[in-house]
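Input: a single structure, listed below in structure tokens.
Protein chains: 2
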Amino acid sequence: MTTESSSIIIDGKLVAKKIRDEIASEVARIKDSTGIVPGLAVILVGSRKDSQTYVRNKKKACEEVGIESFEASLPEDCTEEDIIKHISDFNSNPSVHGILVQLPLPQHINEEKILNAVTIEKDVDGFHPLNIGRLAMQGRDPLFVPCTPKGCMELLHRYNIEIKGKRAVVIGRSNIVGMPAALLLQRANATISIVHSKTKNPEEIIRQADILISAAGVPNLVRGSWLKPGAVVIDVGINAVDDSESPRGYRLVGDVCFGEASSVASAITPVPGGVGPMTIAMLLSNTLSSVKRIHDLK
Amino acid sequence: MTTESSSIIIDGKLVAKKIRDEIASEVARIKDSTGIVPGLAVILVGSRKDSQTYVRNKKKACEEVGIESFEASLPEDCTEEDIIKHISDFNSNPSVHGILVQLPLPQHINEEKILNAVTIEKDVDGFHPLNIGRLAMQGRDPLFVPCTPKGCMELLHRYNIEIKGKRAVVIGRSNIVGMPAALLLQRANATISIVHSKTKNPEEIIRQADILISAAGVPNLVRGSWLKPGAVVIDVGINAVDDSESPRGYRLVGDVCFGEASSVASAITPVPGGVGPMTIAMLLSNTLSSVKRIHDLK
Ligand SMILES: NC(=O)C1=CN([C@@H]2O[C@H](COP(=O)(O)OP(=O)(O)OC[C@H]3O[C@@H](n4cnc5c(N)ncnc54)[C@H](OP(=O)(O)O)[C@@H]3O)[C@@H](O)[C@H]2O)C=CC1
Ligand SMILES: NC(=O)C1=CN([C@@H]2O[C@H](COP(=O)(O)OP(=O)(O)OC[C@H]3O[C@@H](n4cnc5c(N)ncnc54)[C@H](OP(=O)(O)O)[C@@H]3O)[C@@H](O)[C@H]2O)C=CC1
């Protein structure tokens with residue numbers, strides 16, 4: 000099969016690999032010169048298969064770059080106090096430089112309360128409202144930027160895509176992707192618009208975007224005809240759609256009709272292999288920044 | 000002189016008066032039933048004429064609604080520690096329910112450090128990054144919303160202007176007006192775009208706005224031809240322009256060419272008499288919410 004494509008395919012897998020290599024050498028350098036080993040703690044509650052997979056992948060990625068990983072696995076029926084106890088231990092453990100609570104948490108747990116328990120100095124997910132507030136404010140800097148939006152920005156940077164003065168549209172306004180992505184684009188001096196489920200005629204705005212970041216979680220939401228010719232498209236969506244030809248019975252697609260879009264956009268991320276691999280790379284990067292900040296290393 | 004005008008003039012002075020009356024009766028009710036008197040503390044550093052005027056106006060507005068006002072005036076050459084000492088005292092003073100640091104502070108003072116010293120429970124200005132973070136996040140609520148953007152929203156509400164599903168454009172992205180105004184419009188389910196000094200062809204986006212909030216501080220920036228017919232215009236700008244006919248040698252105008260705009264917009268705020276009077280009214284309103292939250296009153 001041949002696909003007609005005029006776009007540059009933004010290779011997140013390759014960029015993420017490069018970043019992980021860079022991190023591995025930095026980690027080795029720090030260890031050699033100071034003896035300090037960066038540490039990342041993950042808290043997993045319950046036994047969701049997908050969460051277990053994510054946690055396993057994170058541990059594996061840590062090992063590969065020399066970051067020590069810590070894990071606390073709690074049963075589905077644990078209490079908020081149990082989780083907070085573990086967070087407090089990690090907060091005060093000097094070998095731990097980043098703490099991550101795998102979401103979603105079970106229904107009976109107050110997510111806000113749990114996330115607020117992570118000390119802001121080790122909030123490598125960047126989800127603490129104090130970090131988000133600083134991200135939103137001029138003249139302030141967050142200690143950590145949420146991993147997925149940070150990964151989107153990193154792709155734009157590594158492909159030398161100019162952001163300043165450009166029109167940028169973000170689809171989605173979630174706390175973990177859409178909203179921080181929009182704030183980051185604005186910090187880089189793009190003019191931002193944010194599309195969400197209550198937006199009327201989204202295609203009218205999307206067609207004005209020089210840069211589009213889509214994080215709606217809706218397969219094939221964005222058609223080729225919705226894009227400005229030459230736009231740069233970062234597709235965060237990871238959506239399972241039925242596919243009888245696949246051994247698993249489904250395949251993963253983004254929010255953007257890739258086939259249509261790739262003949263209109265100047266550059267586009269594929270799904271999978273675009274933003275996906277960047278998220279873990281940025282988690283490692285945040286853990287590295289954290290150890291450097293805590294120990295005042297260069 | 001007659002001005003042709005098809006717009007509703009949004010009368011901020013009248014609305015603010017009404018709100019102050021509402022607050023006065025609530026304050027009286029609380030005092031009668033519980034003996035509690037709401038208190039607002041203002042910290043003024045240095046002797047800027049404009050800051051002194053603002054502080055005087057705030058005290059006067061407090062008195063008129065029955066809110067007790069506290070003031071700490073510090074000399075221009077005071078230290079950060081001096082200011083923080085006063086903030087700490089107000090933080091722990093049970094008669095004080097709101098604390099406001101009059102900006103700008105002298106050059107040698109770190110504004111961020113000072114503002115962060117105000118306990119979030121009494122941050123009636125809503126400038127604490129934790130409040131801004133919560134404002135930006137879905138599923139979180141700030142304890143206080145910054146007064147000027149809150150005043151803009153209140154004007155839209157009191158004039159029954161629908162926000163949900165509308166295109167809203169905010170000019171300006173400052174921490175105290177533009178950025179929180181955009182976040183508030185988004186929370187009300189508008190689709191927002193944010194224009195700033197790096198935006199190219201701002202008129203193209205502004206022309207799409209059903210609701211425009213302008214907070215650029217640039218006189219006559221927005222021309223009538225930049226507006227969509229029927230748009231609602233909230234002009235936050237307060238700009239002094241030379242006027243030899245005025246006894247003071249200048250007059251105040253907004254960011255929007257009022258004459259041109261008022262024949263295109265469906266509703267518009269004048270300057271002065273639009274957003275201006277709302278800011279202090281919202282400060283009183285935040286102080287009232289604070290006393291109610293602290294004492295768990297209805
Ligand atoms: N690559 C990666 O590593 C990651 C990928 N993802 C993927 O990104 C996507 C988004 O994730 P997340 O932000 O957590 O999802 P959420 O469900 O939390 O947010 C989705 C957002 O999209 C908006 N939206 C939903 N439907 C539409 C529509 N038809 N038109 C316009 N806007 C719409 C929603 O609007 P409203 O606010 O009005 O409801 C909401 O703001 C998912 O596919 C997820 O799997 C997420 C995290 C990491
Ligand atoms: N009614 C009231 O009670 C109040 C009124 N005001 C008034 O509101 C106005 C804004 O105040 P404030 O937010 O503190 O001001 P700031 O100077 O902090 O912010 C101005 C914002 O406008 C943007 N801007 C400047 N020039 C242009 C331009 N030509 N085109 C597009 N955007 C532009 C700037 O962009 P960039 O970020 O790129 O620099 C910046 O984001 C002022 O006139 C002020 O007096 C303020 C507070 C209260």
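Chains as they are written, first to last, in numbering that gives the first Met the number 0: chain A, 0 to 297; chain B, 0 to 297.
For glycine and all other residues, C-beta sits at the position ideal for the given N, C-alpha and C.
Everything numeric in this text was worked out from a predicted model, so none of it was measured.
*Pick helix, strand or coil for Glu161 (chain B), following the three-state DSSP scheme.*
Residue state, collapsed to three classes: coil.
_Nearest by alpha-carbon distance to Ser196 (chain B): which of B:Arg172, B:Leu211 and B:Arg166 is it?_
Distance from the Cα of Ser196 (chain B) is smallest, within the candidate group B:Arg172, B:Leu211 and B:Arg166, for B:Arg172.
*asked:* I need the straight-line Cα distance from Cys146 (chain B) to Ala167 (chain B), nearest angstrom please.
replied: Cys146 (chain B) and Ala167 (chain B): Cα-Cα distance of roughly 19 Å.
*asked:* Which residue marks the beginning of the beta strand (DSSP E) containing Ala214 (chain B), and which one marks its end?
replied: Per DSSP, Ala214 (chain B) belongs to no beta strand (DSSP E) and is neither H nor E.
*Can you give me, in chain order, the residues of the region 112 to 131 of chain B that have a beta carbon less than 8 Å from any beta carbon in chain A?*
Within the region 112 to 131 of chain B, the residues whose Cβ lies closer than 8 Å to some Cβ of chain A are His127, Pro128, Leu129, Asn130 and Ile131, listed in chain order.
_Neighbourhood of Lys12 (chain A) by C-beta, 7 Å cutoff - its chain only, sequence neighbours within 5 removed_ = Only Gly272 and Pro276 meet the Cβ criterion.
*Is Phe143 (chain B) helix, strand or coil when you go by DSSP?*
DSSP places Phe143 (chain B) in the coil class of the three-state scheme, outside both helix and strand.
*Can you find a CB in chain A that lies within less than 8 Å of the CB of Gly45 (chain B)?*
No, its Cβ sits nowhere closer than 8 Å to a Cβ of chain A.
*Closer than 7 Å at the beta carbon, the chain A residues around Gln185 (chain B)*: Near Gln185 (chain B) (Cβ distances below 7 Å), the residues of chain A are Arg172 and Ile193.
*Got a sec? Which residues, its chain only, sit under 7 Å from Trp225 (chain A) by beta carbon, not counting five neighbours each side?*
The residues are Glu202, Ile205 and Arg206.
*Check whether the Cβ of Asn157 (chain A) lies closer than 8 Å to any Cβ atom in chain B.*
Here residue 157 (chain A) is Arg; the residue named in the question, Asn, does not match the sequence. No, Arg157 (chain A) lies away from the interface with chain B (no Cβ there is under 8 Å from its Cβ).
*Report yes or no: do the region 232 to 249 of chain B and the region 275 to 294 of chain A share at least 3 C-beta pairs separated by less than 8 Å?*
By the criterion of at least three beta-carbon pairs nearer than 8 Å, the region 232 to 249 of chain B is not in contact with the region 275 to 294 of chain A.
_Inter-residue spacing [alpha-carbon to alpha-carbon] between Ser284 (chain A) and Gly216 (chain B)_ = Answer to the nearest angstrom: the Cα atoms are 39 Å apart.
_DSSP three-state label for Ile119 (chain A), please._
In the structure shown, Ile119 (chain A) sits in a helix (DSSP, three-state: H, G or I).
*Cβ of Ala214 (chain B) less than 8 Å from any chain A Cβ?*
For Ala214 (chain B), the answer is no, since every Cβ of chain A falls outside 8 Å of its Cβ.
*What residue ranges within the region 199 to 258 of chain B form continuous alpha helix (DSSP H) runs of no fewer than 4 residues, ordered along the chain?*
Fully enclosed alpha helix (DSSP H) runs of no fewer than 4 residues occupy 201 to 205 of the region 199 to 258 of chain B, in order along the chain.
*Tell me, please, whether the CB atom of Ala264 (chain B) is closer than 8 Å to any CB atom in chain A?*
No, its Cβ sits nowhere closer than 8 Å to a Cβ of chain A.
*Span of the beta strand (DSSP E), counted from its first residue to its last, around Thr33 (chain B)*: Not the beta strand (DSSP E): Thr33 (chain B) falls in the alpha helix (DSSP H), residues Gly11 to Thr33.
_Contact belief for Thr190 (chain A) with Ile193 (chain B) at Cβ below 8 Å, rounded distance in angstroms_ = Your pair Thr190 (chain A) and Ile193 (chain B) checks out as a contact, with CB atoms roughly 7 Å apart and the cut at 8 Å.
_CB contact check: Gln137 (chain B) to chain A, cutoff 8 Å_ = The C-beta of Gln137 (chain B) comes closer than 8 Å to at least one C-beta of chain A.
*Out of curiosity, what's the CA-to-CA distance linking Lys57 (chain A) and Val235 (chain A)?*
Approximately 19 Å, taken between the alpha carbons.
*Using a beta-carbon distance below 8 Å, is Thr190 (chain A) in contact with chain B?*
Chain B, which has a Cβ nearer than 8 Å to the Cβ of Thr190 (chain A), makes this yes.
*Which whole-angstrom value is the C-beta distance of Ala27 (chain B) and Phe69 (chain B), which I expect to be below 8 Å?*
Ala27 (chain B) to Phe69 (chain B), Cβ: 20 Å. No contact.
*Could you please give the first and the last residue of the uninterrupted beta strand (DSSP E) stretch that includes Phe89 (chain B)?*
Segment Glu79 to Ser91 is the alpha helix (DSSP H) holding Phe89 (chain B); no beta strand (DSSP E) there.
_Per DSSP, what are the beta-bridge partners of Ser289 (chain A) in this structure?_
The partner list for Ser289 (chain A) (beta bridge, DSSP) is empty, contrary to what the question assumes.
*Interface flag, Met178 (chain A) vs chain B, CB-CB below 8 Å*: The beta carbon of Met178 (chain A) falls within 8 Å of a beta carbon belonging to chain B, placing the residue at that interface.
*Mind pulling the chain B residues with CB within less than 7 Å of Thr198 (chain A)?*
Here the neighbours are Thr190.
_Whether Ile18 (chain B) touches Pro37 (chain B) by CB criterion (8 Å)_ = No, the pair does not count as a contact, with Cβ atoms beyond the cut-off.
*For the region 70 to 85 of chain A and the region 95 to 111 of chain A, state whether three or more C-beta atom pairs, one from each stretch, are separated by less than 8 Å.*
Put simply, the region 70 to 85 of chain A touches the region 95 to 111 of chain A. At least three CB pairs are less than 8 Å apart.
*CB of Gly216 (chain A) to nearest heavy atom of ligand 1: below 7 Å?*
Checking every heavy atom of ligand 1 against the Cβ of Gly216 (chain A), one is found closer than 7 Å.
*Would you give the residue range spanned by the beta strand (DSSP E) that Ala71 (chain A) belongs to?*
Unbroken beta strand (DSSP E) run through Ala71 (chain A): Glu67 to Leu73.
*So which residues on chain B does Arg133 (chain A) lean against when the C-beta distance must stay under 7 Å?*
Near Arg133 (chain A) (Cβ distances below 7 Å), the residues of chain B are Pro128.
*Check the Cβ-Cβ distances between Gly164 (chain A) and every residue of chain B, and say whether any is below 8 Å.*
The C-beta of Gly164 (chain A) comes closer than 8 Å to at least one C-beta of chain B.
*Heavy atom of ligand 2 less than 7 Å from the Cβ of Leu220 (chain B), yes or no?*
Yes - ligand 2 has a heavy atom lying nearer than 7 Å to the Cβ of Leu220 (chain B).
_Closer than 9 Å at the beta carbon, the chain B residues around Ile204 (chain A)_ = What Ile204 (chain A) touches in chain B: Arg166, Thr190, Ser192 and Gln207.
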